[in-house]
Each structure stands twice: as C-alpha cells, then as structure tokens.
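Number 16 in full-length UniProt numbering belongs to position 16 of the sequence shown; there are no gaps in the numbering.
Have a look at the structure below, then the notes.
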Amino acid sequence: MLISSAFAQTAPAAAAEGGLMGSLTGMLPLVLMFVVLYFIMIRPQMKRQKEHKAMIEALAKGDEVATAGGLLGRVTRLGEGTMHLEIANGVEVQVQRSAVTQVLPKGTVK
1 MLISSAFAQT APAAAAEGGL MGSLTGMLPL VLMFVVLYFI MIRPQMKRQK EHKAMIEALA
61 KGDEVATAGG LLGRVTRLGE GTMHLEIANG VEVQVQRSAV TQVLPKGTVK
C-alpha cells in the first residue's frame, strides 16, 4: 500500500476542521494572481485602447499620420470608418481609420 490506513482515515477530518478558512486559503493564490494580472496587463491595455480611440476620433483633414502598414501621408477626406491619405502628389489611398498608429507633427510628410 502506498498510503497507510491511519493517514487515509485522518485526512478528511483535518480538511473538515479547516472549513471556510481552508477553502479561502486555497483560493487566495488564484485571487491574488487575478489582481496582479489586472494591474499589469489588463488595465494598461484598456488605457492604450482609450487613447487610440480618442486619437482616431480627433483626426481632422490636413493631419499627417503614420499607418500600421508603414504609410505616411496627409489626411484629405474622412469617412465614418475610412479616410483618404495623400501619400504623394496626386496619389491618394483609402485606409481604415483604425490603421492609424500615430499622428505626426506638421511638416513631417513632404
């Protein structure tokens, strides 16, 4: 036998004595891990999403932007979910507004 009969008989009795405190102590590491993950990963991600959404909503005609694909251009027209970028003289492309990663200072795109 791997477990002696005396130890096997006392194990449930010891767990019953702990009762509520034993179950709370067992859940404490799980709760602590969730709290740490919230402050390290979830909260900063939500903050970045809010900042990105505010930046996209604040876009205006004439802004110079960089997209996720690496295009640099000047905003010429804005739509509901898309916009037109002038990437060279006379060359316009249509991109999604969510593709904008950065609003550049004026005069960056020449």
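C-beta atoms are modelled at their ideal positions from N, C-alpha and C, and glycine is treated no differently.
Separation of L24 from R48, as counted between CA atoms
One-based indexing of the sequence shown puts residue 48 at position 48. One-based indexing of the sequence shown puts residue 24 at position 24. Taking the straight line joining both Cα atoms gives about 34 Å.
Is the CB-CB distance between Q94 and T82 below 8 Å?
Stepping through the sequence shown from its first residue, residue 94 is reached at position 94. Stepping through the sequence shown from its first residue, residue 82 is reached at position 82. Taking 8 Å as the Cβ cut-off, Q94 and T82 qualify as a contacting pair.
Is the Cβ-Cβ distance between R97 and E86 less than 8 Å?
Translated into positions along the sequence shown, residue 97 becomes position 97. Translated into positions along the sequence shown, residue 86 becomes position 86. The answer is no: Cβ separation not under 8 Å.
Would you grab the beta carbon distance between L78 and K53 for me? Rounded to a whole angstrom, and I think it's under 8 Å.
Along the sequence shown, read from residue 1 onward, the residue named residue 78 stands at position 78. Along the sequence shown, read from residue 1 onward, the residue named residue 53 stands at position 53. At roughly 15 Å, the Cβ-Cβ gap does not stay under 8 Å, so L78 and K53 are not in contact.
DSSP three-state call for G107: helix, strand or coil?
Looking up residue 107 in the sequence shown gives position 107. G107: coil per DSSP, three-state reduction.
Option in M46, G19, L37, V65 with minimal Cα separation from P105:
For the purposes of this step, residue 105 is taken as the residue at position 105 of the sequence shown. If we check each option's Cα against that of P105, V65 comes out closest.
Who does T76 pair with in a DSSP beta bridge?
What you label residue 76 is simply residue 76 of the sequence shown in a count that begins at 1. The partner list for T76 (beta bridge, DSSP) is empty, contrary to what the question assumes.
Rounded to the nearest angstrom, what separates M33 and P44 at their Cα positions?
Along the sequence shown, one-based indexing puts residue 33 at 33. Along the sequence shown, one-based indexing puts residue 44 at 44. Straight-line Cα distance between these residues: approximately 16 Å.
In DSSP terms, what L85 is bridged to
Position 85 of the sequence shown, counted from the start, is the residue given in the question as residue 85. Per DSSP, V75, V93.
So, T67 versus V100, is the Cβ gap smaller than 8 Å?
Counting from one through the sequence shown, the residue named residue 67 turns up at place 67. Counting from one through the sequence shown, the residue named residue 100 turns up at place 100. Closer than 8 Å, so yes.
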